[in-house]
């Protein structure tokens, strides 16, 4: 009976996918299009944004928003490579994917703590 | 008055003499109410007795006549010629299985997988006959009924890219069947099936392409069964981590 | 017995529309992850100072970055749609013998998505 820990990665995939499904579209619209295009300059003024993201609740929100979908990507990408024909090195690829997500989550925590 | 005809391009393979399969073209009589199976039987009866193919009930319940029709897994008894006429129809054996002869595939792998999930009611101790039947409410039946509809036609295996790339994958029908028993209130065998189901070559290989559900002629929704199995297995895993002392 | 084993082409996903859309769906996660890294960079520039933050916003306004974000937004929307539409098959909600129709389960998620998005937009834009 192989005790598989796949369930952990699948649960993270599911959580990350849910977070991304709910939050990603608006986020991308806000910071990727509205802010750079300068449509609502006052809302994205430096001091205002800094104050907003420094709040502990916002930092938690941002941590969840960024790190969970990273695990979603890691799991999905790992299996997409297999679906696209990856045969050898599957274990190494899994470690690379989940490892990247873990590093990403740590980096996120570091940046958010420094704000 | 001559009857209209239709072209069938059928994959042929004779293991005794052929190195590789090749297509053979037949002009069959076209009748509006015919299915591909009728056309194949016409070929075998009237034109070429060497053609081999599986069929039985000719009404979509036995699961014998699965084949690739214009590249899509279908039951040949449920595929009408009139949906393709007058274009030619390409008939090939079910994908992702080795070809034994003509349209007949080697289905040993599927049979083995089906048995491996223990598709029967498993009890810790059988109730003696004197105690009467097992009772089940309509709600308990509803939990697993959809997964009982499988006719073992293997169209889902032909549609699944994961199985195409790696035949170690347990596959849609086998996992759906395991779910059928795991969700049955009379069954107590979930732990026994766990080793086969919750392994790397079973539910975790599935990437929810969903094509298995699309091609299923019996509305089993094997893709749904697999995802539900993933969820159930994950909750099991969480319980196992949080409460490792739990016996069963 | 001399069974013939057919090879699977590595381009199997180009042979059918549903297979192609499946791969597209899976690759949306790449766009979302890439966006989140760019967003993390924005947060980092915030911690560096006003100059860095405003310079980064100017970088995000370059044509290449805007094109990327439009693609990422499309990818994110496709992810949201496919995610909510498949959810009812994974989490089956029953009441007695009956199953809550998929459209309601999905609909609840769409409504919640709208509510959450409006709430966040309000937080970002309100005076």
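Residue numbers (this note's numbering), protein chains in the order written: chain E, 5 to 119; chain G, -17 to 230; chain D, 218 to 344. Glycine included, each C-beta is placed from N, C-alpha and C at the ideal position. Here the structure is a predicted model, which means the values were calculated and not measured.
Taking Cβ-Cβ distances below 7 Å as the criterion, which residues of the region 180 to 192 of chain G are in contact with chain E?
180, 181, 182, 186, 189
Sorted by chain position, which residues of the same chain lie with C-beta nearer than 8 Å to residue 13 of chain E's C-beta, five sequence neighbours on each side aside?
For the purposes of this step, residue 13 of chain E is taken as the residue at position 9 of the first chain. For residue 13 of chain E, where only same-chain residues beyond five positions count, the Cβ hits under 8 Å are 75, 78, 79, 102.
Using a beta-carbon distance cut-off of less than 8 Å, what residues from the region 246 to 267 of chain D approach chain E?
246, 247, 249, 250, 252, 253, 254, 255, 256, 257, 259, 260, 261, 263, 264, 267
With 16 as the cutoff for other CB atoms within 10 Å, does residue 41 of chain G come out buried or exposed?
Position 59 of the second chain, counted from the start, is the residue given in the question as residue 41 of chain G. Looking at its Cβ environment, which holds fewer than 16 other Cβ atoms inside 10 Å, residue 41 of chain G is exposed.
Alpha helix (DSSP H) containing residue 220 of chain D: first to last residue?
In the third chain, counting from the first residue as 1, residue 220 of chain D sits at position 3. Where residue 220 of chain D is concerned, there is no enclosing alpha helix (DSSP H), given that its DSSP letter is neither H nor E.
For the 8 Å Cβ check, are there 3 or more pairs between the region 128 to 137 of chain G and the region 55 to 74 of chain G?
yes
Residue(s) in a DSSP beta bridge with residue 4 of chain G
What you label residue 4 of chain G is simply residue 22 of the second chain in a count that begins at 1. Looking at the DSSP assignment, residue 4 of chain G forms a beta bridge with G:-6.
What residue range does the beta strand (DSSP E) around residue 57 of chain G cover?
As a working note, residue 57 of chain G is residue 75 in the second chain. Taken as a continuous stretch (DSSP letters only), the beta strand (DSSP E) holding residue 57 of chain G covers 54 to 57.
Let me know if residue 68 of chain G comes out buried or exposed under the rule of 16 or more other beta-carbons within 10 Å of its beta-carbon.
Residue numbering aside, residue 68 of chain G sits at position 86 when the second chain is read from its first letter. Exposed, because fewer than 16 other Cβ atoms sit within 10 Å of the Cβ of residue 68 of chain G.
Quick one: what does DSSP say residue 103 of chain G is sitting in, helix, strand or coil?
Taking the second chain and counting its residues from 1, the one referred to as residue 103 of chain G is at position 121. Of the three classes helix, strand and coil, the one that applies to residue 103 of chain G here is coil, per DSSP.
Measure how close the beta-carbons of residue 375 of chain D and residue 258 of chain D come, nearest whole angstrom, since I'm counting them as under 8 Å.
Because residue 375 of chain D is not part of the residues shown, which for chain D are 218 to 344, the question remains open.
What does residue 342 of chain D touch in chain E if you count any residue whose Cβ is under 8 Å from its own?
Position 125 of the third chain, counting from 1, holds the residue named residue 342 of chain D. Correct list: 44, 47.
In the DSSP output, which residue or residues are listed as bridge partners for residue 81 of chain G?
Here residue 81 of chain G refers to the residue found at position 99 of the second chain. Bridge pairing for residue 81 of chain G: G:87, D:221 [DSSP].
Where the beta strand (DSSP E) containing residue 72 of chain G begins and where it ends:
As a working mapping, residue 72 of chain G is identified with position 90 in the second chain. 71 to 75 is the extent of the beta strand (DSSP E) around residue 72 of chain G.
Exposed or buried, what is residue 49 of chain G when buried is set at 16 or more other beta-carbons lying within 10 Å of its beta-carbon?
For the purposes of this step, residue 49 of chain G is taken as the residue at position 67 of the second chain. So residue 49 of chain G counts as buried.
Chain-ordered neighbours of residue 216 of chain G on chain E, where CB pairs are closer than 7 Å
For the purposes of this step, residue 216 of chain G is identified with residue 234 of the second chain, where counting begins at 1. Here the neighbours are 11, 14, 15.
Three Cβ pairs or more, each shorter than 8 Å: is that satisfied between the region 35 to 48 of chain E and the region 272 to 292 of chain D?
yes
Answer with yes or no whether the minimum CB distance from residue 229 of chain D to chain G is below 8 Å.
Within the third chain, numbered from 1, the residue matching residue 229 of chain D stands at position 12. Judged by the 8 Å Cβ criterion, residue 229 of chain D is in contact with chain G.
Is the beta carbon of residue 289 of chain D closer than 8 Å to that of residue 30 of chain E?
On the first chain, position 26 is the one that residue 30 of chain E refers to. On the third chain, position 72 is the one that residue 289 of chain D refers to. Not a contact, by the Cβ cut-off of 8 Å.
One question on the structure: do residue 21 of chain G and residue 96 of chain G come within less than 8 Å of each other, judged by their Cβ atoms?
Locating residue 21 of chain G in the second chain gives position 39, where the first residue counts as 1. Locating residue 96 of chain G in the second chain gives position 114, where the first residue counts as 1. Annotated as distal: residue 21 of chain G and residue 96 of chain G, with beta-carbon spacing of 8 Å or more.
Output yes or no for whether 8 Å exceeds the beta carbon distance between residue 75 of chain G and residue -10 of chain G.
Residue 75 of chain G sits at position 93 when you count from the first residue of the second chain. Residue -10 of chain G sits at position 8 when you count from the first residue of the second chain. Contact flag unset, no.
Give a yes or no on whether 8 Å exceeds the smallest Cβ distance from residue 278 of chain D to chain E.
Residue numbering aside, residue 278 of chain D sits at position 61 when the third chain is read from its first letter. Under the 8 Å criterion on CB atoms, residue 278 of chain D is classed as interfacial with respect to chain E.
Short CB-CB distance (under 8 Å) between residue 334 of chain D and chain E:
The residue you call residue 334 of chain D lines up with position 117 of the third chain. Residue 334 of chain D counts as touching chain E.
When we look at the beta-carbon of residue 121 of chain G and count the other beta-carbons within 10 Å, is it buried (16 or more) or exposed?
Position 139 of the second chain, counted from the first residue, corresponds to residue 121 of chain G. Burial call: exposed.
Write down every uninterrupted run of the alpha helix (DSSP H) in the region 222 to 305 of chain D whose length is 4 residues or greater and which is fully enclosed by it, in chain order.
Unbroken alpha helix (DSSP H) runs of no fewer than 4 residues, entirely contained in the region 222 to 305 of chain D, are found at 234 to 265, 267 to 277, following chain order.
Please state whether the Cβ-Cβ distance between residue 58 of chain E and residue 180 of chain G is less than 8 Å.
For the purposes of this step, residue 58 of chain E is identified with residue 54 of the first chain, where counting begins at 1. For the purposes of this step, residue 180 of chain G is identified with residue 198 of the second chain, where counting begins at 1. Going by C-beta atoms, residue 58 of chain E is not nearer than 8 Å to residue 180 of chain G.
Please list the partners that residue 8 of chain E has in chain G, where partner means a Cβ-to-Cβ separation under 7 Å.
Position 4 of the first chain holds residue 8 of chain E. Those are 180, 181, 182, 186, listed as they occur along chain G.
What are the boundary residues of the beta strand (DSSP E) that residue 97 of chain E is part of?
Position 93 of the first chain, counted from the start, is the residue given in the question as residue 97 of chain E. Segment 94 to 118 is the alpha helix (DSSP H) holding residue 97 of chain E; no beta strand (DSSP E) there.
Below-8 Å beta-carbon distance, residue 197 of chain G vs any chain E residue:
By one-based count along the second chain, residue 197 of chain G stands at place 215. Residue 197 of chain G does not count as touching chain E.
Cutoff 6 Å; reference residue 210 of chain G; Cβ partners in own chain excluding five residues on either side
Here residue 210 of chain G refers to the residue found at position 228 when the second chain is read from its first residue. Taken in chain order, the list of residues that qualify is empty.
Straight-line gap, residue 91 of chain G to residue 38 of chain G (C-alpha atoms, nearest Å)
Here residue 91 of chain G is taken as the residue at index 109 of the second chain, counted from 1. Here residue 38 of chain G is taken as the residue at index 56 of the second chain, counted from 1. Approximately 21 Å, taken between the alpha carbons.
For residue 154 of chain G and chain E, any beta-carbon pair shorter than 8 Å?
To locate residue 154 of chain G, count along the second chain from 1; it is residue 172. False, the Cβ-Cβ gap to chain E never drops below 8 Å.
Relative to the C-alpha of residue 108 of chain E, which candidate in D:231, D:250, D:317 has its C-alpha closest?
Working through the first chain from its first residue, we reach residue 108 of chain E at position 104. Each of D:231, D:250, D:317 was checked against the Cα of residue 108 of chain E, and the nearest Cα belongs to D:250.
Let me make sure I understand the geometry here. Which of G:11, G:220, G:44 has the alpha-carbon closest to that of residue 28 of chain G?
Within the second chain, residue 28 of chain G is the residue found at index 46, counting from 1. Comparing Cα positions, the closest option is G:11.
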